[in-house]
Every structure is written in C-alpha cells, then in structure tokens.
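Notes follow the structure.
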Amino acid sequence: MTDYRRYRIKGGCYFFTVALVDREQGVLIENIGQLRLAFREVMANHPFQIDAIVILPDHLHCIWTLPEGDDRFSMRWRQIKSAFSRQVPKVEARSKSRIKKRERGLWQRRFWEHGIRDDRDYRQHLDYIHYNPVKHGYVQRVVDWPYSSFHRFVGWGVYPQDWAGDEVNQEMDWE
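Taking numbering that gives the first Met the number 0 as reference, the numbering of the sequence shown is continuous, increasing by one, and the terminal residue is 174.
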C-alpha cells in the first residue's frame, strides 16, 4: 500500500482540493445545505477556521487555519466526507473495492493539500479559489457564483465586486 506523506504544521494554514469520484455529478451544489451541515458538525467537535472556500458541482477548494498545536486535517476531511455522504441518497456506482471496504462511491479517497508558506502564497491561493467558477465556465464573472467566500471578501473590502471581471490579474487591496 502506498504511504502518503502529508506536510503537517501544527496550527498551520492549508489549501485543499477535495473532489467527487464522478466528476460529472453536481452533488455538492445540489446538496449544499447538507454539505454546510457536515462542515458545521465537524467544526463543532474539531474546531478550525475556514479562511476561504468555493463549492463547485463536483469538487471544492478551501483554505483552513487549524488551532494552535493541531495538525489533524485528514481526520476532519474524513469526518466531513462521511457526514455529507450519510445525508445524500445512495445513487452512485461503487467499485468492487469500495463495496468490499463498505465505502460509498461518492468522494475520491484522497485529497490535495498544500501548506501555505507566506502571505504571497496565501493571496495566490485565495485568488485561485475565487476565480475557479469562471475558470471552469460556470459563470462569466466571479461575483455571480453563489457558493463562494468571495462575497464575504467583497464585504470586507479585500476584493472589488467586479474583481476579475475584465482582467484576471487585477491587484487586491491587502493593506
């Protein structure tokens, strides 16, 4: 079995990509309430901060900051995936391997994580998260995607409402 090595920093800040097995499904936004509930349930028992997030039909990206002394992001993702999976109908196909392991065929088993290195890295991942619905062709303008923390950042004055409307590389006001 492959030994996945994760970059772990207690109290660290991380960028994640988590995806469904079937990238043609729209399960995440079709069941956005259940996904939010899954996050809330896990956060109640194992607190962490969601700095930024975007939910797309078949995957999500987010930045988390973990509590000081805590690096257990894998456990949190396992619980979020499990809590969400219990709340949605079982309609997905399952491989023999998943049946044997009594797993749903909803989520990809693995996820991508990246430890945020510095402010510049944080800003680049923040931009990537918020621009993702445009990149995938779901909307023409970032502001038009409802399942994103972009709107919160606009309210804080970090992004202008028309950010990336005409030009992807607009600078943000981080001062």
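C-beta: ideal position from N, C-alpha, C; glycine also.
If you draw a 10 Å sphere on the C-beta of Arg22, you find fewer than 16 other C-beta atoms in it, and that means exposed. Straight through space, the alpha carbons of Gly68 and Tyr130 are spaced by roughly 32 Å. Remark: C-beta atoms of Ile54 and Leu36 do not approach each other more closely than 8 Å. Given a length threshold of 4 residues, the segment 43-69 has no whole run of the alpha helix (DSSP H) inside it. Counting only the Cα atoms, Thr16 lies some 16 Å from Asp120. With distances taken between CA atoms, Trp162 lies nearest to Val133 out of Gly10, Val133, Asn30.
When the five nearest sequence neighbours on each side are left out, the beta carbons in the same chain lying within less than 6 Å of the beta carbon of Ile128 are those of Ala51, Val53, His60, in order along the chain. In this structure, Ala18 sits near Asp57, with a CB-CB distance shorter than 8 Å.
In this chain, the alpha helix (DSSP H) harbouring Val133 covers 118-134. Pairing Arg39 with Trp106, the inter-Cα distance amounts to about 19 Å.
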